[in-house]
Structure formats: C-alpha cells, structure tokens
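Chains as they are written, first to last, in the working numbering: chain Y, 1 to 590; chain D, 1 to 667. A short write-up of the structure that comes next.
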C-alpha cells in the first residue's frame, strides 16, 4: 500500500506540475509608511529634558517602530510611494515629501532657555579689496534678561570686530551690525561667535561662519552732459579711490569733450564696459543719451546715479526717472541729511525732495528724520537707478563732520557691486552645512541670453578649488536660468559656471557652516499642517499613532498564485520515487 | 675572616672597580654623542644622550663587564663568569671548589689591565665628533650671521613671514636713561628693557646695551647707527627725542628690541587776563583800572608781563606807541604765577579818541621762543561808544551790522516810549539823530560788501525785481531787502515816525541775519566787482575747438591697510598657537619662536605708523607680552592678546574703505 501511495503521489505531482493550476487569494495588505529621522548639527542641541534632540528622535523612532510594526510596513527613509510619511526632527526639511503624501511630524525642538543663539547672518557676496565687510548678525536671547551678550567676529583667528548688547526682555532679537576687517587671501572667511553666557544651556548654536568673495576693481563712468560741480566732486571722490577704475567724459561744449580714464565714452555698443555710470548736467542730456542709460540699466543690469544740480527738467531726464513728484527746497543753512544707518554724513542746503517714489524704491537719505526722500534708488529692469537730490552737498564737503567723499565712495561701490554680472551664481541656502543639499541657480543675463540664443549652454563645476567636479545644471522655468542640486562638501564650496565658449563666467562660493541648520526657518510642524498630518512631541506619540491608524489603512487585494511552479516540488517528487524504489528492492523486486 | 671570605672580597673589590669605570666611560660617551646631536637641536641632543646612556647601562652592568673582561683575556676561560655566578649565588659549588675558583678569578682579575680592557678610545672619538660638529656650526653661524643651531625659520606665514632675517631668543638687555631738558628741572628716568619710552620733547635717551652679538645697531625714526662694543663690554649710544616714533635695537646675533617712543611736547604757557577781562569804553574822566593776569606752564615760567599798544589820533593821522605795564608778580610755584597792576587813564596817557590795546605775555624757560599771549582787550575813550551803551565788546565781523541795527531798534524803542514825555522838538531831533545812525549803518554795510550806495530810485526799481523774484541769488536778495528796509527806516525816522520805523528796523535785522547765515552768498563764483566782457562772448571759432584728455594721477595702493591686515594675520596666528599651548610644551611651531614672533609684530605695528599713538600702544603692549610670554599660561596669553588684537583691528578698520552701501536690490 505504501508503495502504491508513494507511486501515485509522484504521479500526482508530475501531473499537477504539467497542468500548472492557478489559485486566486484575497486579503488585506499592510500600508507602507516611511519613517525619516533628521540629522545634522542642530540635532545635537538639548531638549527640555536635557537629552539631545537626536537622542529624543531615536527614542521616538524606537517607540513608533514597536507600536506600528504590526499594522504598517515601516520603511526607513524617504519613499514617495508610501501611503504616509513620518518625519522626526527639528526643522522643515530641505527636501520635503511629496505634497500628495500624508505626512505627520514629531518635533523634537523645544525652546531652550536661558539661551542665546545666532539666528541669521547677512553678509555681502563680495567686496572690493581693502574694504571693510559689513555683517548683520541676528541674535535671539531667551531667558537672559539683564545679561550682556557680546558678539565677536574672527578672521584667521584674529578678532576683527565686536559688539555688545544688554537683553531687555525675556525673549528678544538683536541685530548687530559689525564692520569686519578681511584678513588673508580671498574668499574671506569670518567666524561669528556669540560668546556663551555662564547660564546658557548650550553653546552649540552660538557660532556661524560666512564667506565673502573679493570683487574685481569696480568700473565707473562719470558722464557730464555739461560741466557740473555736483557730479565733478563725486567723480573726484571716486578718482582718488584705488578700488575704482574711473573713466570720465564731460561735454564742455558741442564737439569739445574732456576725457579721462581708459574708456571715456558712453557705452552705446559696449554696455558691459562699466558697472555704474554717474551722470551730471542732466538738463543737457540728449534723448540718445537717455536711451543708452536706459539700456545700460535694463539690458546690462548696470547702475546709474543721477546727480542733478538743478531741478529735474527735460524729456530725457523724465524718460529715465519716470513720474516722481519733486520740489526744490532752499534751507537757511546747510544741515545734515538723515541717512540710513552706517552711511557717512553729507550736508546740503539746496535739496530736491521727492515724494510718491516708485513701489520698490529704497531711500538712502531724507531731509530730516521723517522728511521727504533726497537720495534714493529704484530698480530699472535688471539694473538700479539712483537719484541724488542733495544738489549742493559738494559745497560742504570739507565741513567738520561731513564725509562727502566717503559717502559717495560707499554709495557708488554699492551701486557697482549691485550691477548684474553676465552669469550670476546663487547658492541656496546661503549658510550651508557639510552634506546639506545645495541649490545652485545660475542666471544668465538677458544680453548674453539674446546673443547666444538657442546655442546657450552652461557648464558648471562644483567643489573645492582643487579638485573640481562637474555639475549638471538644468534649464529652469525662467529664460536664461539654470539650476541643479548637489551635496555640500565638508570644507569649502565654490561653483564656477561658464557660458558659450568661455564667453562669460560667474562663480559663487560659500563657507561650510556646520551650525547653519539652526538658522531661522519654517518649523517642522508646518510640514504636517500642509500635508494633512499631525505634529506631536516625543511625549505624545500615541496621538500620532491614533491618527495614522484612523487615516491610513491597508487595501484589500486579490492575488493569483501558481503553487506548482515552485522548484521545491522536486524534493517530494524525488523522495516518493526513491522511497517506492527502495521498498520494492527490499522486497526483492527490481 | 676565613680564606673564602678574603678571596670573595678581593674579587668583588676588583670587579666593582671595573664596573664603576665602565659606567663612567659609558656616561661620558652618552654625553659626547648627545653634545654632537645638540648641534641639530637641544631636544635632539638630550634625547640622544638619554638613549645612548640607556644602551650603555646594559654594557656597564656587572655581568656585562665580566663578559667584556673575559673577551679581553681569553686565558681566563670563563673563570671570571663562574666566580661572578658563585658570588651572585646562582651556583652553589662545594666550599673547596668555591675557594679555588674565587682565588683563581681574583688572580686573573689582578693580572688584567682594566684601563685597556675598558678603554676610553670610543669616548675620545665621540668627543672629537662633538667638538667638530660644534666648530662646524660656529663656522656656519659666523658666515651666515645666525646664532642658533640649525636653520631657524622665524615665521611661517602672514605678516611675520616677511621678517627675512632670523631672530634669536638670546638675551638683549637695554638700559635706557632718559634725561629731560635741563630747563624743565625734571629728574632723569632710568629703565631696563622698557617696552616703551615716554619723554619730554628734547630729552636725551642714553642707551646702554648688553648683547652677545659683535655689533649692535640702533634705529631711531628711520636713521640707523651701528655701534661697536665699548671698553665695559656694552654698547652705548645717545639720541635726542624730538617727536614720537620708535627706537629699535638689533644685534647681529638676531636679537631685537622695539621701543615705541611717545614724545610729549613742552606746551606753551597758558596766559589769561582775569581783570578786566573785557573791552572798556570810557567817555572821559580818570577812572582807575585794575589789571590781573595769571600764567601757568607745565614745567616752569620765566616771565610774565603786560604789554600794550596805544593808538592816538583820528582820520589818517594815527600814532602807535608800544610799552609794558610792570606787574607785581606772585609766584604760587614755579609753574603758576599771578601778576597785578593798577593804572588810571591818566597814567596810561589816554585822552578822548585814543585806544589802548593790551595783552598779557608769559614765557617758559625753553631755548628759543617760548612766549604765549593772552587774548587782547582794548580801552577806548569815546563819547559815541558810551552813548550806545556801557562798555561793550565789538561783535564778530559777520554780525556786527546786524547787532548795530539791533542797537538802533533798542534806541528807537526807548525813544518811542518817551514820545509823550519829551517835547516835540526834542523828540524830532532825537529821531533825526537815529535816522543819521541808520544811514551810517547802511552805508557801512554796503561799503563792506564791495558795493556802492545807489540812489533810492534804483533801489526802488530793484525792490520791484525782488517782488517778482527775478533775482536768483537769495543771499544778494536778502542784503538788498535789508538795505531797502534801512532806507525806509531812515525816511520814517526823519519824519519822527518811530512807531512805523520799528517794524522796518526788525525787517532789516531779519534780512541781515538771513543773508549772513547763508554761506553761498560768500561762496558765489563771480565777485560782484568782476565784470564779464560780454562783447567777447561767442566770438571764438567753434570749428577749431577740440577736446582734451585729462590725465588722472596714479592712486597709490592702500599700503597701510595691507600692513595692518598683515599685523592682524600675525596676531591671529599667535592667538591660534596660544590657544593650543599646553603647560610644559615648548613654544612655537616648526621652529617658530613665539617671543620672536611677537617682537616682529611689535616692530611691524610701529613701522606701520609710528605717528599713531594707538599703534605705538599696540607695539608697547606686544613688547610687554613678549617679555612675559614664557611665564604665562595659555588662558592668560589669550586674555592678554585679545585686547591688543581688538585695538589693532580698530586701527585697521579705520584704514579700510567703508563697506559698500546697501543701495537696494533689483531681485
């Protein structure tokens, strides 16, 4: 009997294998949930309980895995195909999950007090040589009322600037403005330290690092449609500044120009020859001059400074300035203008005061603290226009306390630096931690975009100066814009972009700042709020679990199985045949 | 004592003597090898000596010496080794064997010439090598001007890297005796290794320098003198300190000392006329006037006098007489004198119309002109001046006319108040007098401005122009307004109409004040007396006009900023090393001596701008820090370096261009 059973079992396996029957199975799947834990220097900061944010996040991860594992398929890391996502961390992620993916968050960041932290640092991208670097440092103090914080800026280990502040309230922000001395070769790296107070809970967020490049010499044209003292003294102030290459063109009478410098011509066909143009004798400007200046601003992205010595009149000037209400004011005596903080002082008694400025105008000097604008700027295309209504400021340039030359050097260098380069490389975020994703946006100026047309292509290299690594940039939405992502290297960062056959090039650089992730930004809870999730603390994970169970469920699915296709059937098949053969031999059969 | 013991003792004595010799020779060899290695560095020498001594100590052990003696005399046939092992207890032979071996070993040992067996030939060889090495280094040193063994790279980077010649940390001691000028009667000051010199202008600084170098040079404000060693073995030099700068002492062995010098000038005396302290106007009489003057000086006064100039006469017939009024001097001390005198107008010889201008004058004891004067005042005999008020001081030139007009207003108000009390005739006469005064003020004003008195019709015509605002120059317009108002006042006062004259007088004062406070009237480009030749206007040949090229002057690079940034870079480098300094750790990295580096930075600071008190202070602080650097812990080094760096950074910031202004953004 046994032999028969074995024999027929083998036959049955063979037959079923040949038939290959299909079986349909119905059941529910476990929904997939991706679990992401943020990392970075800010995760080293302490929580209210004293442990680090990273430890709190790991603890929350363990609890979630333990509680949810039976009902969900938990996938570590980002998974766009998951039914839901959970992010555990302290900040809005640089690469958030897809908008369509329900996301909940576990915020491990809690306000730390007493504590002083650097929130943000504003630094220029580049300055000319031998120029102080103005740094704006946003600092937040929590629970340190009555204490004095000191911010120190160091370059090459030397202290180059310092400022102090007494905290007046329990939670307060202070913006320290420090003029730092650049040291060593460019790019200049500044380390900003808010000196830790004895009572602070952590000093991990008291540091920041910024990098400032050195710009080439600034190219300025001083153009007088007729001789004018107002613009002549501005030109003279610039000519004595070794950082600025000044060319001059003054039409003293028809066909009698006075020239100076290397490129003494209004750049009708070479708009890129200058970064800024100072214009005087405005009443004698021709329509052609006005058109060139307009193109210089809109197409080249350059800066134009109008320095009138009389009220603005004439169609050419109106074409440049637009419709802005102005009135001429004669003061009894020269008085200082009320400038923005940090600008050197100028005095004037004959003023052009402006009202109803363009929407995006920036006022540099006013006639009194709440007076009308006297010196102001406004965007024109991709360039800048400055109008100075301090018509006789030059007369008081030597008065005690007046810093006419310094004012114009600072202002014109600001204008020239604001001029748009052929290729503008912008790195985001401006403070980058090692390993962070860096967004590179290379913006090619309209002039070059038009010139190259469909042949416009960019090549980019990223990394440290040596070795360099090629970087792929893709066309962005705006014409002439190219963008790409890469991970920040551990030490320093520089991106070089060239267009055409080395037609033009641009570069962006940044210092790696490992405290950068604690910069002021949107909170992590915003992610949950915008993706239909809940935001909880590590102590309220049950709420998140309830939310997940209520909103994310598995799907009922049918599956077709063909069990005979398994190679494992070989073993029972062979076993049946072998056992049946062995039993027969044992009985003496063959 | 048994024979066994005697032979044991003898063998031990001989062997111990040999071991002592071996150890002595080994130690001497280690020292010689270490001395040879010390030509590279002292640390290397010590380390080498230690290693050699350890190695030699094994050979100088008892067993090692026995083995060496056996090798020296093969005839011993291990009897020494056996005896040593028996003595050490490693072998326990029968007593007679022990006796025999010890005897034999003692005999053998006595027969061996230990001085040859443990020879000093190797020691002599190593001593020769060490001597040769040091001679070689000394030769190279003399040839290259270096003093310390091996190549000494002073500073590796930044500012300090620019110090080309090596600097020694060998002692250089400078004794300075600062002798103030004799007239100051100040005692001399002696200092040893000062970090800075502070002296009165004209002081003599006598330097006595102790150095290992053969020659020493002293640089004072750019002038260098090379000194030779004196009979007392020191270098001596004297220099006169006339202005702030520096004194740098450097020896040819590389040692240097920078001393910023702050020279305080001898201030001129301060003289003040306390009494009367104002101008006096008298209408006559013979009042007595008290004069009191006070003078002070920082070191001592030499004289105090009251000097005058008497002006007599009128019109173009003036005579000037100069003289002194002797003062009775009271000396509070040598630096504070009081002088007083009393004179009547008759004593001064003043009569109506005369004026006496006087001032006090004091002098200190310096050679040359050390005189200083007080403000000058005058005494005037003038009935007209008294009529205007009591003794008064003349106002500033710019406002005197406005004030005179103001005085006219006061007088007119007084007269107007007395209108009912005065007889009509007297009132009219007084009013006419005021009208005359008004005309004089107006005439003087117009004359001062370089104009001319125009007739009233012309002014009236111009007043029409004023009303129409056709005069662009408001300063000139204001002056014209003032003169027109004055004319109106004159008319009204002539008609005894004081009530209506007052508003016009006020209008004139207001117009004058507006005109004189507006600088642009004074700054007008074209003087009113200059006249353009309008006939030549636009008569040139425009076709021949050509432009020209203005040559720009070369703008020098900002060397001061570059030097200060280098100084900061050096300070930053030093701060980094100070932070990383561990107790007991040698200073410097890669052969860089921190003290020497600080000295170079001090030198750099004072060379950047010896005229700058801030940089002199930085240099002095750095020199002070260098002197105490070896005794400071890392935290103290950083703490003392930080304020110096901060001050240098402030100075560097001042030398840099301002940050570019935030002019807004297009993005």
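For each residue, glycine too, the CB sits at the ideal point set by N, CA and C. Since the model is a prediction, treat every value here as computed from it, not as a measurement.
Within 8 Å, strictly: CB atoms of residue i and residue j
i	j	result
residue 372 of chain D	residue 269 of chain D	yes
residue 422 of chain Y	residue 448 of chain Y	yes
residue 146 of chain Y	residue 114 of chain Y	no
residue 85 of chain Y	residue 569 of chain D	no
residue 11 of chain Y	residue 88 of chain Y	no
residue 678 of chain D	residue 209 of chain D	Shown here, chain D extends from 1 to 667; a query on residue 678 of chain D therefore has no answer.
residue 247 of chain Y	residue 262 of chain Y	yes
residue 419 of chain D	residue 498 of chain D	yes
residue 605 of chain Y	residue 572 of chain Y	Nothing in the structure corresponds to residue 605 of chain Y, since chain Y is present only between 1 and 590.
residue 34 of chain Y	residue 63 of chain Y	no
residue 598 of chain Y	residue 414 of chain Y	In the structure displayed, chain Y extends from 1 to 590; residue 598 of chain Y sits before or after that span and is not available.
residue 176 of chain D	residue 205 of chain D	yes
Local Cβ density within 10 Å of residue i, reported as buried at 16 or more and exposed below that
i	result
residue 472 of chain Y	exposed
residue 13 of chain D	exposed
residue 469 of chain D	Low confidence applies to residue 469 of chain D: its pLDDT is 42, below 50, so where it sits in the model is not reliable, and the reading given next is rough at best. That one is exposed.
residue 440 of chain D	exposed
residue 107 of chain D	exposed
residue 319 of chain D	exposed
residue 154 of chain Y	buried
residue 8 of chain Y	exposed
residue 421 of chain D	exposed
residue 124 of chain Y	buried
residue 659 of chain D	buried
residue 630 of chain D	exposed
residue 444 of chain D	exposed
residue 536 of chain D	exposed
residue 398 of chain D	Legend: pLDDT at residue 398 of chain D = 38, less than 50; position of this residue unreliable, value from coordinates given subsequently. Exposed, by the Cβ-count rule.
residue 164 of chain D	Since pLDDT at residue 164 of chain D reaches only 35, below the 50 mark, its modelled position is unreliable, and no value is offered.
residue 194 of chain D	buried
residue 464 of chain D	Caution is warranted here: a pLDDT of 39 is assigned to residue 464 of chain D, below 50, making its placement in the model unreliable, and the coordinate value is therefore given only provisionally. Exposed, by the Cβ-count rule.
residue 6 of chain Y	buried
residue 235 of chain D	buried
residue 411 of chain D	buried
residue 458 of chain D	Its pLDDT being 48, under 50, residue 458 of chain D is placed unreliably by the model, and nothing is read from it.
residue 345 of chain D	buried
Presumed contact (8 Å Cβ cut-off) between residue i and residue j, rounded CB distance
i	j	result
residue 103 of chain Y	residue 90 of chain Y	Their Cβ separation, rounded to whole angstroms, is 16 Å, which puts residue 103 of chain Y and residue 90 of chain Y out of contact at 8 Å.
residue 275 of chain Y	residue 294 of chain Y	Not confirmed; about 17 Å, so no contact.
residue 373 of chain Y	residue 404 of chain Y	Not quite, the Cβ-Cβ distance comes to about 19 Å (not below 8 Å), so this is no contact.
residue 228 of chain Y	residue 417 of chain Y	About 25 Å separates the two Cβ atoms, so there is no contact after all.
residue 536 of chain Y	residue 543 of chain Y	5 Å
residue 491 of chain Y	residue 512 of chain Y	6 Å
residue 335 of chain D	residue 298 of chain D	7 Å
residue 211 of chain Y	residue 509 of chain Y	6 Å
Quick check on the DSSP output: what are the complete beta strand (DSSP E) runs of length 3 or more inside the segment 246–276 of chain D, in order along the chain? 256–264 and 270–275
Chain D contacts made by the segment 163–186 of chain Y, where a contact means CB separation under 9 Å: Under the 9 Å Cβ criterion, the segment 163–186 of chain Y contributes 179, 180, 181, 182, 183 and 184.
Short-range partners of chain D found in the segment 362–373 of chain Y, where Cβ spacing is below 8 Å: 362 and 364
Can you check the segment 2–67 of chain D for any alpha helix (DSSP H) of at least 4 residues that lies completely inside it and give the ranges in chain order? 3–37 and 42–59
Residue ranges of each alpha helix (DSSP H) run of no fewer than 4 residues wholly in the segment 423–503 of chain Y, ordered along the chain? 446–452
Residues within the segment 391–420 of chain Y neighbouring chain D, beta-carbon criterion of under 9 Å: 392, 395, 396, 403, 406, 407, 409, 410, 411, 412, 413, 414, 415, 416, 417, 418 and 420
Interface residues of the segment 535–549 of chain D facing chain Y [CB-CB below 8 Å]: Cβ contacts with chain Y: 542, 545, 546, 547, 548 and 549.
Please list, in chain order, the residues of the segment 23–52 of chain Y that have any C-beta partner in chain D closer than 8 Å. none
Which residue spans inside the segment 104–150 of chain Y form an unbroken alpha helix (DSSP H) run of at least 4? none
Closer than 9 Å between beta carbons: that is the criterion. Which residues of the segment 596–621 of chain D meet it against chain Y? none
Enumerated in chain order, which unbroken segments of the beta strand (DSSP E) with a length of 3 residues or greater are wholly contained in the segment 375–414 of chain Y? 383–388
Can you pull out the residues from the segment 565–576 of chain D whose beta carbon lies closer than 8 Å to at least one beta carbon of chain Y? Close to chain Y, meaning a Cβ-Cβ distance shorter than 8 Å, are the following residues of the segment 565–576 of chain D: 565, 568, 569, 571, 572, 573, 575 and 576.
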